[in-house]
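Undergrad: Structure provided below as structure tokens; questions to follow.
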Amino acid sequence: MSDADGAWVSLFSGGKDSAWALYQAIERGFPVERLVTVHPAGDSYMYHVPATDLAALAAESIGIELVDVEPDDFGADAVTDSSAQGDDELEPLEAALEELDCDLPGGIAGVTAGAVESEYQTNRIQGMCDRLGCELFAPLWQEDPHELADAMLEAGFEIMIIQVAAHGLDESWLGRTLDREALTELEALNEEYGVHILGEGGEFETLVVDGPHMDRRIDLEYETEWDGTRGRLRITDAQLE
5 MSDADGAWVS LFSGGKDSAW ALYQAIERGF PVERLVTVHP AGDSYMYHVP
55 ATDLAALAAE SIGIELVDVE PDDFGADAVT DSSAQGDDEL EPLEAALEEL
105 DCDLPGGIAG VTAGAVESEY QTNRIQGMCD RLGCELFAPL WQEDPHELAD
155 AMLEAGFEIM IIQVAAHGLD ESWLGRTLDR EALTELEALN EEYGVHILGE
205 GGEFETLVVD GPHMDRRIDL EYETEWDGTR GRLRITDAQL E
């Protein structure tokens, strides 16, 4: 059982939601000692999938040690029982946190998560935290997506769109910065097609390349891959400026 003086651990993909949860924890003075990144080998019900290898660069810029969790291919695209799939996906993460709970002085006091609307995801993470005897800090949970997006931009987050998979989002969105103009367009796409302002449910995925919690910006070189309905950035080079 962790005590109140233990360390905090941030579930971190490098995307805007997990980065915002981490930033809010830092702003509140939580002693975040580790970032934990899960690297799904295939499609995943639980985790942000694309470009998680860039989390190491982000962690270096943030200045917090990163722990990588690399389970086998979750195979979410081949599994019909999503409930069992989510439980299976959680096991390697929980095992990694149990190990950290033993290794960190005072154990794990709390875990940050970037969940916005997914009860599927949040319920499982809450259950995991209950079993670990630690708190869950999910500052985006059920907050208004427009207000969250505004707050991220106001704080100085530079957010790049690295993958799109929703009707209304074409190839031009790949590599685009999520700025005020892009948000205005997303609001129109939300009205017309139902696109979520924050890309909830994998409609689009992001990478935070700079922010107030980072010492150096992530500079990317990439090519775009587009199949006519969805696409992603294929990163060819990445480094800290």
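Letter 12 of the sequence shown, counting from 1, is numbered 16 in this note's numbering, and no numbers are missing. Note that CB positions come from ideal geometry on N, CA and C, so glycine has one too.
So, using beta-carbon positions, are D72 and T41 closer together than 7 Å?
TA: Yes, they are a contact pair.
Undergrad: Taking buried to mean at least 16 other C-beta atoms within 10 Å of its own C-beta, is Q146 buried or exposed?
TA: exposed
Undergrad: Touch check for the region 221-234 and the region 139-153: three-plus C-beta pairs under 8 Å?
TA: no
Undergrad: Rounded to the nearest angstrom, what separates E102 and L136 at their Cα positions?
TA: 7 Å
Undergrad: What is the rounded straight-line gap between the Cα of G198 and the Cα of G172?
TA: 9 Å
Undergrad: In or out: T181 buried (at least 16 other Cβ within 10 Å) or exposed?
TA: exposed
Undergrad: Quick one: measure Cβ to Cβ for A59 and S122, integer angstroms, because I've assumed they're closer than 8 Å.
TA: That pair is no contact at about 20 Å.
Undergrad: When the distance is taken between beta carbons, is L108 closer than 7 Å to A29?
TA: no
Undergrad: Ends of the alpha helix (DSSP H) at G179?
TA: No alpha helix (DSSP H) holds G179; DSSP gives it neither H nor E.
Undergrad: Which partner residues does M164 have in the DSSP bridge list?
TA: Under the DSSP definition of a beta bridge, M164 partners with T181, L211.
Undergrad: Looking only at its own chain, which residues have a Cβ that is under 8 Å from the Cβ of G19, when we skip the five neighbours before and after it?
TA: The residues are H52, G118, E209, T210, L211, V212.
Undergrad: Could you round the C-beta distance between A155 and A25 to whole angstroms and report it? I think they count as a contact, below 8 Å.
TA: Contact doesn't hold; Cβ gap of about 12 Å is too wide.
Undergrad: What did DSSP end up calling I129 once you bin it into helix, strand or coil?
TA: helix
Undergrad: Do you know offhand how far E245's Cα is from I222's?
TA: 6 Å
Undergrad: Leaving out five residues before and five after E98 in sequence, what residues of the same chain have Cβ atoms less than 8 Å from its Cβ?
TA: M132, R135, L136
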